[in-house]
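*Asks:* Be aware that the sequence shown starts at 202, since it is given in the working numbering, and climbs by one per residue.
One structure follows; several queries about it will come next.
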Amino acid sequence: MMATLLLGFGAVLLIWGVLKARMAVGADPLRSPETCLYIAAPPRADRPVATLRNGETVLFGPASAFWTAPPELALACGNPSRDPALPGGDVPAGLYRVLDIADLSEAASPIRRSIGTMALILRPEKGGRDVLLHGVSRSTPHSAGGVALPNRVLDALVEQLGDPRGLRVSIERRSIRRHGWGGRRKT
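Following this line, the structure appears as structure tokens:
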């Protein structure tokens, strides 16, 4: 009888300790407020990469990403310049939160070809339009809905994240200016 009571009390203490450890800061780096998926072009590069970081620690990536809208889509939406503020434009820069994940495995074939079998719905923190973080085949160098990662990379990211809701996402776009035609180089 006494052994059963001690065993039960020990189990309660063990469960309480595990729950307390999970709630402690840093116990689950994916739920830490310092964790963010950064999507940006590295210095001296034109193409963006996606990197999941917790502070200075890289948790995932860097992985190639695509953030330009296909020219055909932009033209069809009446936005041939791909203005980020208009439908059919490139993804706008800013801070986002993952609102939810959409399972598109049962979607029509053209949708699956354009944005893959799953997409993370990103909501801007300061107003603006929702965008998608979605999968594409390696041969597609554009994003039809926001930011695209190769399908297998997105699958691996979602597997590592588990439930991605609430994750911070930072999209940073920079203008690249190069010296060349008409430019002056400082000497």
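Cβ atoms here follow ideal geometry from the backbone N, Cα and C, with glycine treated the same way.
Where does V332 fall in DSSP's three states?
*Replies:* As a working mapping, residue 332 is identified with position 131 in the sequence shown. Note: V332 maps to strand in three-state DSSP.
*Asks:* Taking just the CA atoms, how far does P244 sit from A303?
*Replies:* Position 102 of the sequence shown holds residue 303. Position 43 of the sequence shown holds residue 244. Computed Cα separation, rounded: 32 Å.
*Asks:* Ignoring anything shorter than 3 residues, give me the beta strand (DSSP E) runs that lie fully in the segment 229-278, in order along the chain.
*Replies:* Fully enclosed beta strand (DSSP E) runs of 3 or longer: 236-241, 250-255 and 258-265.
*Asks:* Grouping DSSP H, G and I as helix and E and B as strand, with all else coil, what is G211?
*Replies:* Here residue 211 is taken as the residue at index 10 of the sequence shown, counted from 1. Note that G211 scores a pLDDT of 44, beneath 50, so its modelled location is shaky; the value from the coordinates is reported in the next line. Correct three-state label for G211: helix.
*Asks:* Quick check: the Cα distance between R309 and E273, rounded to an integer number of angstroms?
*Replies:* Against the sequence shown, residue 309 aligns to sequence position 108. Against the sequence shown, residue 273 aligns to sequence position 72. First, the residue type needs correcting, since residue 309 is Ala and not Arg in the sequence shown. The straight-line gap from Cα to Cα measures roughly 20 Å.
*Asks:* Which residues share a DSSP beta bridge with P351?
*Replies:* If you number the sequence shown from 1, residue 351 lands on position 150. Its beta-bridge partners are V337.
*Asks:* Tell me the rounded alpha-carbon separation between A266 and R353.
*Replies:* Here residue 266 refers to the residue found at position 65 of the sequence shown. Here residue 353 refers to the residue found at position 152 of the sequence shown. If I take the Cα positions, the gap works out to 12 Å.
*Asks:* Would you kindly work out how many angstroms separate the C-alpha atoms of T318 and R339, rounded to a whole number?
*Replies:* Locating residue 318 in the sequence shown gives position 117, counting from the first residue. Locating residue 339 in the sequence shown gives position 138, counting from the first residue. Taking the straight line from one Cα to the other gives about 14 Å.
*Asks:* With a cut-off of 8 Å on the beta carbons, I'd call G256 and E235 a contact; round off their distance for me.
*Replies:* The sequence position of residue 256 within the sequence shown is 55, counting from 1. The sequence position of residue 235 within the sequence shown is 34, counting from 1. Indeed, because the Cβ distance is near 5 Å, the residues count as touching under 8 Å.
*Asks:* Whose C-alpha, out of Q361, K327 and V348, is nearest the C-alpha of G336?
*Replies:* For the purposes of this step, residue 336 is taken as residue 135 along the sequence shown, with counting starting at 1. Nearest of Q361, K327 and V348 to G336, Cα basis: V348.
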